[in-house]
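From first to last, the protein sequence lines are chains A and B. Residue numbers are given in this note's numbering: position 137 of the first sequence equals residue 137, and the series is strictly consecutive. Residue numbers are given in this note's numbering: position 158 of the second sequence equals residue 569, and the series is strictly consecutive. Note sheet for the following structure.
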Amino acid sequence: MKLYFLKSLRSFLQVNKPLAWSQLSHNKVRLAVAMTGVAFSNILIFTQLGLRALLFDGITLVPQNLKGDLFLTSAYSPTIDFGSFPRIFLYKAAAVEGVASASPLYIGTGNWVNPELILKQPTISEDKKDPKKVNFFPNRVRILAFNPVQPVFDLPEVNQQVDLLKIPGGLLFDRLSQSQLGPVSQIYDRVGHVTTIMDKRRTSVVGLFSMGSTFFHKGHVIMSDWNYAAFQGQSKLKNVSVGILTIEPDADIEQVQQRLKSSLKDVTVLTRSELMEAEQNFRAQFPEGKILNFGAVVGFIVGVVIVYQVLYADVSDHLPEYATLKAMGYSDVSLLRVVLTEAAILAILGFIPGFFTSYGMYSLLVAITRIPLVMRADIVLQVFLLTLTMCAISAAIATNKLRSADPADVF
Amino acid sequence: MNPIVSIENLNHSFGQGALRKTVLTDINLQLYPGEIVILEGPSGSGKTTLLTLIGALRSVQEGSLKIIDRELYRANKQQLIQIRNQIGFIFQSHNLLKCLRVWENVSMSLKLHKDIPKRDRRSRSLDILSAVGMGDRADYYLDSLSGGQKQRVAIARALVSRPKLVLADEPTSSLDSKSGRTVVEIMQRLAKDEGCTVLLVTHDNRILDIADRIVHMEDGSLLKN
Numbered sequence: 001m002k003l004y005f006l007k008s009l010r011s012f013l014q015v016n017k018p019l020a021w022s023q024l025s026h027n028k029v030r031l032a033v034a035m036t037g038v039a040f041s042n043i044l045i046f047t048q049l050g051l052r053a054l055l056f057d058g059i060t061l062v063p064q065n066l067k068g069d070l071f072l073t074s075a076y077s078p079t080i081d082f083g084s085f086p087r088i089f090l091y092k093a094a095a096v097e098g099v100a101s102a103s104p105l106y107i108g109t110g111n112w113v114n115p116e117l118i119l120k121q122p123t124i125s126e127d128k129k130d131p132k133k134v135n136f137f138p139n140r141v142r143i144l145a146f147n148p149v150q151p152v153f154d155l156p157e158v159n160q161q162v163d164l165l166k167i168p169g170g171l172l173f174d175r176l177s178q179s180q181l182g183p184v185s186q187i188y189d190r191v192g193h194v195t196t197i198m199d200k201r202r203t204s205v206v207g208l209f210s211m212g213s214t215f216f217h218k219g220h221v222i223m224s225d226w227n228y229a230a231f232q233g234q235s236k237l238k239n240v241s242v243g244i245l246t247i248e249p250d251a252d253i254e255q256v257q258q259r260l261k262s263s264l265k266d267v268t269v270l271t272r273s274e275l276m277e278a279e280q281n282f283r284a285q286f287p288e289g290k291i292l293n294f295g296a297v298v299g300f301i302v303g304v305v306i307v308y309q310v311l312y313a314d315v316s317d318h319l320p321e322y323a324t325l326k327a328m329g330y331s332d333v334s335l336l337r338v339v340l341t342e343a344a345i346l347a348i349l350g351f352i353p354g355f356f357t358s359y360g361m362y363s364l365l366v367a368i369t370r371i372p373l374v375m376r377a378d379i380v381l382q383v384f385l386l387t388l389t390m391c392a393i394s395a396a397i398a399t400n401k402l403r404s405a406d407p408a409d410v411f
Numbered sequence: 412m413n414p415i416v417s418i419e420n421l422n423h424s425f426g427q428g429a430l431r432k433t434v435l436t437d438i439n440l441q442l443y444p445g446e447i448v449i450l451e452g453p454s455g456s457g458k459t460t461l462l463t464l465i466g467a468l469r470s471v472q473e474g475s476l477k478i479i480d481r482e483l484y485r486a487n488k489q490q491l492i493q494i495r496n497q498i499g500f501i502f503q504s505h506n507l508l509k510c511l512r513v514w515e516n517v518s519m520s521l522k523l524h525k526d527i528p529k530r531d532r533r534s535r536s537l538d539i540l541s542a543v544g545m546g547d548r549a550d551y552y553l554d555s556l557s558g559g560q561k562q563r564v565a566i567a568r569a570l571v572s573r574p575k576l577v578l579a580d581e582p583t584s585s586l587d588s589k590s591g592r593t594v595v596e597i598m599q600r601l602a603k604d605e606g607c608t609v610l611l612v613t614h615d616n617r618i619l620d621i622a623d624r625i626v627h628m629e630d631g632s633l634l635k636n
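This is how it looks when you write it as structure tokens:
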């Protein structure tokens with residue numbers, strides 16, 4: 001039975017083996033070169049898109065991890081980091097029909113001192129040895145502050161430790177912060193608390209959470225609004241960076257958004273995806289993104305050239321054979337299909353090693369930068385489609401040669 | 412008996428305007444089923460041009476050319492391709508695909524015939540390969556075959572779909588006399604078995620004896636003998 005199955009499978013393959021595959025697999029060296037070319041181009045594209053994601057992905061961490069359905073931000077600021085709006089708008093928003101609750105989130109930055117520097121007391125002589133060792137660019141952390149009675153994050157770790165935020169000078173520290181901020185999580189895990197200095201005030205890490213750093217912020221800390229005011233002044237609480245609104249379970253999110261928009265001026269009302277998009281659009285204006293897009297385009301062109309070379313060589317080498325097939329009665333279209341199939345096979349065969357190598361490189365980048373960088377399905381699909389396009393373009397150019405194969409010339 | 416190929420008043424020329432050069436003038440020729448016709452003549456006499464016209468590889472410019480009762484004059488590209496399906500071609504060089512096994516090369520011409528079921532392709536290829544004495548080499552690649560063996564595979568490829576017309580252009584020119592002889596004898600035998608018409612262009616006067624009829628061509632016209 002099994003033997004019969006194998007036999008029929010074999011004869012099925014015998015009959016249905018596409019000519020394109022035979023052409024490609026016959027010359028193993030050329031196939032390997034083509035696959036390497038496609039893989040190389042894939043790695044270039046993935047790396048450039050990955051670096052771009054590295055720049056821009058982290059910036060949506062805060063919107064991603066917030067609770068709530070609708071978000072208020074200042075209408076005069078392109079990003080939640082720069083602008084804020086008077087807290088009175090939050091009370092107004094809470095009164096709008098369909099809004100269940102409105103909670104404030106304050107975003108600021110603070111100078112962070114690596115706790116290791118405090119632990120080892122520098123002696124005067126050591127300072128004199130290296131007088132240049134002045135840190136002109138202090139480590140800045142992004143402070144996220146909210147009222148512990150109204151938790152705004154969707155992070156279970158944060159919500160479990162929310163009571164600890166009431167400790168004066170206490171804060172939660174993101175264990176995925178950059179290493180320049182010091183081995184905070186290691187010390188915390190060992191000792192149970194970390195004491196350091198932020199904004200020239202003594203502070204203590206009372207808990208840890210996981211969110212991730214970005215290209216623009218080395219790390220995140222979470223504080224209560226009361227502590228935040230104590231650090232940076234009571235006036236800071238007058239203005240809110242993001243207003244987090246939850247709506248009534250039976251309310252329609254779009255209707256509530258419309259009502260809020262019509263009753264509140266000077267603030268924008270955004271859904272979560274709109275907020276994320278706004279943050280991304282703001283950073284996308286930076287030239288880095290364009291440079292990396294350019295890199296991806298270069299990778300694409302490299303791929304086109306390599307695949308074109310391989311297909312062109314294949315067509316030229318076999319021109320008399322292709323002309324013979326035409327003479328036998330194969331149509332131009334069916335031969336074009338052979339070359340296109342070859343291109344598609346190359347795309348798939350080259351994509352597989354290209355993908356896995358890029359996956360390894362992503363892991364490496366994450367380990368080095370500690371900025372979250374995942375192989376997103378949409379990027380994988382995008383690169384795969386780009387690879388197919390790349391091979392199709394190459395095939396289209398290479399088939400010009402094929403059209404010149406005149407069956408009358410083979411006699 | 413209806414002729415397989417019927418040519419009347421066929422003229423053909425290359426080039427335009429002042430450079431126009433006439434290659435074929437007033438060709439009249441009939442080929443009947445089961446006939447083996449040798450077309451001979453010096454180089455440049457227009458033999459190959461005539462062969463490519465009969466093979467529907469060129470468009471007919473002037474005159475009438477009918478293959479299996481289908482007129483090629485003013486036929487469009489699609490019709491030309493369909494007619495080519497009905498013809499077996501054997502070339503001076505074998506032009507087989509190096510990337511395919513022997514039997515797969517043969518079945519390339521079966522793929523064009525949708526009425527032949529896929530599962531029959533291998534068995535039909537093997538049958539014709541045995542007929543040309545290459546049955547034991549069906550699963551080999553071309554690298555391991557000699558010139559004569561390759562030409563025999565090319566004959567198998569031309570004949571596997573049982574065409575009514577086979578066109579051969581100097582099939583023996585790259586072979587030594589012994590294998591050349593074997594090749595044409597196989598052609599002759601299969602043509603007789605299948606009842607197909609063969610038009611053979613050749614310079615090789617060692618093989619003239621296989622023909623039922625010899626047509627001589629000079630300066631673009633056929634000489635009556």
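Even glycine gets a Cβ: it sits at the ideal position worked out from N, Cα and C.
Exercise for the section: Give every residue of the same chain whose Cβ lies closer than 7 angstroms to the Cβ of residue 215(A), excluding the five residues on either side of it in the sequence, and list them in chain order. Expected result: The count along the first sequence starts at 1 and reaches residue 215(A) at position 215. Scanning its chain for C-beta atoms nearer than 7 angstroms, with the 5 sequence neighbours on each side dropped, one finds around residue 215(A) the residues 54, 55, 58, 371, in chain order.
Exercise for the section: Keeping to the same chain, check which residues put their C-beta closer than 8 angstroms to that of residue 448(B); ignore five residues upstream and five downstream. Expected result: The residue labelled residue 448(B) in the question sits at position 37 within the second sequence. Correct list, in chain order: 442, 608, 609, 610, 611, 622, 623, 624, 625, 626.
Exercise for the section: Drop a sphere of 10 angstroms on the beta-carbon of residue 481(A), count the other beta-carbons inside from all chains shown, and report buried for 16 or more, exposed for fewer. Expected result: One cannot answer for residue 481(A) here, as it falls past the ends of chain A, which runs 1 to 411.
Practice task
Give the interface partners of residue 500(B) over in chain A, defined as CB-CB distance under 7 angstroms, in chain order.
Solution key: Start at 1 with the first residue of the second sequence, and residue 500(B) comes out as number 89. Near residue 500(B) (Cβ distances below 7 angstroms), the residues of chain A are 327, 328.
Exercise for the section: Could you tell me whether the region 365-385 of chain A touches the region 421-439 of chain B, using the rule of 3 or more Cβ pairs below 8 angstroms? Expected result: no
Practice task
For residue 523(B), return the contacting residues in chain A, with the cut-off set at a CB-CB distance below 8 angstroms.
Solution key: Here residue 523(B) is taken as the residue at index 112 of the second sequence, counted from 1. Per Cβ cutoff of 8 angstroms: 328, 329, 330.
Practice task
Assess, as a yes-or-no matter, whether the region 570-582 of chain B is touched by the region 461-476 of chain B under the definition of 3 or more beta carbon pairs within less than 8 angstroms.
Solution key: yes
Problem - Between the CA atoms of residue 71(A) and residue 65(A) - distance to the nearest angstrom - result: Here residue 65(A) refers to the residue found at position 65 of the first sequence. Here residue 71(A) refers to the residue found at position 71 of the first sequence. Cα to Cα, the separation comes out at about 13 angstroms.
Practice task
Could you please give me the residues that DSSP links to residue 205(A) through a beta bridge?
Solution key: Against the first sequence, residue 205(A) aligns to sequence position 205. DSSP output for residue 205(A) lists 171(A), 194(A) as bridge partner(s).
Practice task
Please go through the same chain and pick out, in chain order, the residues whose beta-carbon is closer than 8 angstroms to the beta-carbon of residue 255(A), but skip the five residues on each side of it.
Solution key: Walking along the first sequence from the start, residue 255(A) turns up at place 255. Sequence-distant Cβ neighbours of residue 255(A) in its own chain, meaning closer than 8 angstroms and more than five residues away, are 98.
Problem - Any C-beta of chain B under 8 angstroms from that of residue 404(A) - result: Start at 1 with the first residue of the first sequence, and residue 404(A) comes out as number 404. Not one chain B Cβ lies under 8 angstroms of residue 404(A).
Handout entry: Between the CA atoms of residue 346(A) and residue 62(A) - distance to the nearest angstrom
Key = The residue given as residue 62(A) occupies position 62 in the first sequence. The residue given as residue 346(A) occupies position 346 in the first sequence. So the alpha carbons of these two residues sit roughly 41 angstroms apart.
Practice task
Below 7 angstroms between beta carbons is the criterion; list the residues of the region 18-34 of chain A that meet it against any residue of chain B, in chain order.
Solution key: 22, 23, 26
Exercise for the section: State the DSSP-derived secondary structure class of residue 527(B), mapped to helix, strand or coil. Expected result: Translated into positions along the second sequence, residue 527(B) becomes position 116. Residue 527(B) falls in the coil class under three-state DSSP.
Problem - Contact with chain B by residue 395(A), beta-carbon distance below 8 angstroms - result: Position 395 of the first sequence, counting from 1, holds the residue named residue 395(A). No, no contact with chain B.
Problem - Three-way DSSP call (helix, strand, coil) for residue 365(B) in this model - result: Residue 365(B) cannot be examined here, being either before or after the span of chain B that is shown, 412 to 636.
Practice task
Below 8 angstroms CB to CB, which residues in the same chain sit around residue 247(A) once its five sequence neighbours on both sides are set aside?
Solution key: Within the first sequence, numbered from 1, the residue matching residue 247(A) stands at position 247. 69, 70, 98, 99, 100, 253, 256, listed in sequence order.
Problem - Interface partners of residue 321(A) on chain B, CB under 7 angstroms - result: The residue labelled residue 321(A) in the question sits at position 321 within the first sequence. Simply 506, 508.
Practice task
Can you say whether residue 294(A) is buried or exposed, counting buried as having 16 or more other CB atoms within 10 angstroms of its CB?
Solution key: What you label residue 294(A) is simply residue 294 of the first sequence in a count that begins at 1. So residue 294(A) ends up on the exposed side.
Exercise for the section: Specify, as a first and last residue, the run of the beta strand (DSSP E) that residue 633(B) falls within. Expected result: By one-based count along the second sequence, residue 633(B) stands at place 222. Note, residue 633(B): beta strand (DSSP E), 632-634.
Practice task
Check the Cβ-Cβ distances between residue 520(B) and every residue of chain A, and say whether any is below 8 angstroms.
Solution key: As a first step, residue 520(B) is located in the second sequence; it is residue number 109 there, counting from the start. Yes, its Cβ sits closer than 8 angstroms to a Cβ of chain A.
Exercise for the section: State the Cα-Cα distance for the pair residue 301(A) and residue 390(A), rounded to the nearest angstrom. Expected result: Residue numbering aside, residue 301(A) sits at position 301 when the first sequence is read from its first letter. Residue numbering aside, residue 390(A) sits at position 390 when the first sequence is read from its first letter. So the two alpha carbons sit approximately 8 angstroms from each other.
Exercise for the section: Using the DSSP secondary-structure output, state which residues sit across from residue 112(A) in a beta bridge. Expected result: Against the first sequence, residue 112(A) aligns to sequence position 112. Residue 112(A) pairs with 139(A), 198(A).
Practice task
Starting from the beta carbon of residue 495(B), find every residue of chain A whose beta carbon is closer than 7 angstroms, and list them in chain order.
Solution key: Here residue 495(B) corresponds to residue number 84 of the second sequence, with the count starting at 1. What residue 495(B) touches in chain A: 327, 328, 329.
Problem - is_contact[residue 583(B), chain A] using C-beta, thresh 8 angstroms - result: For the purposes of this step, residue 583(B) is taken as the residue at position 172 of the second sequence. Answer no: the Cβ-Cβ gap between residue 583(B) and chain A never drops below 8 angstroms.
Practice task
Whole angstroms is fine: what's the gap from residue 267(A)'s alpha carbon to residue 52(A)'s?
Solution key: In the first sequence, the residue the question calls residue 267(A) occupies position 267. In the first sequence, the residue the question calls residue 52(A) occupies position 52. Whole-angstrom Cα-Cα distance: 30 angstroms.
Exercise for the section: Using the Cα positions of residue 589(B) and residue 558(B), report the straight-line distance between them to the nearest angstrom. Expected result: The residue given as residue 589(B) occupies position 178 in the second sequence. The residue given as residue 558(B) occupies position 147 in the second sequence. When rounded, the distance between both Cα atoms is 12 angstroms.
Exercise for the section: Just the chain A side, please: which residues come within less than 7 angstroms of residue 511(B) by C-beta, in chain order? Expected result: Looking up residue 511(B) in the second sequence gives position 100. Simply 22.
Handout entry: Three-state class that DSSP yields for residue 26(A) in the structure shown
Key = As a working mapping, residue 26(A) is identified with position 26 in the first sequence. Reduced to three states, the DSSP call for residue 26(A) is helix.
Problem - Alpha-carbon to alpha-carbon, residue 146(A) and residue 119(A) - result: Numbered from 1 along the first sequence, position 119 holds the residue referred to as residue 119(A). Numbered from 1 along the first sequence, position 146 holds the residue referred to as residue 146(A). One C-alpha to the other measures close to 30 angstroms.
Handout entry: Neighbouring residues, chain B, relative to residue 324(A) (Cβ below 7 angstroms)
Key = Locating residue 324(A) in the first sequence gives position 324, counting from the first residue. In chain order: 502, 506.
Handout entry: Contact under 8 angstroms by Cβ, residue 144(A) with residue 220(A)
Key = As a position in the first sequence, residue 144(A) is number 144, starting the count at 1. As a position in the first sequence, residue 220(A) is number 220, starting the count at 1. Taking the C-beta atoms as reference points, residue 220(A) is found nearer than 8 angstroms to residue 144(A).
Exercise for the section: For residue 261(A), write down the residues that DSSP places opposite it in a beta bridge. Expected result: The sequence position of residue 261(A) within the first sequence is 261, counting from 1. Residue 261(A) is not bridged to any residue.
Problem - 6 angstroms CB neighbourhood of residue 195(A) in its chain, flanking five on each side removed - result: Here residue 195(A) is taken as the residue at index 195 of the first sequence, counted from 1. 204.
Problem - Any chain A beta carbon closer than 8 angstroms to residue 469(B) - result: Locating residue 469(B) in the second sequence gives position 58, where the first residue counts as 1. Residue 469(B) counts as touching chain A.
Practice task
Note down the Cα distance separating residue 111(A) from residue 182(A), rounded to an integer number of angstroms.
Solution key: In the first sequence, the residue the question calls residue 111(A) occupies position 111. In the first sequence, the residue the question calls residue 182(A) occupies position 182. The C-alpha of residue 111(A) lies about 13 angstroms from the C-alpha of residue 182(A).
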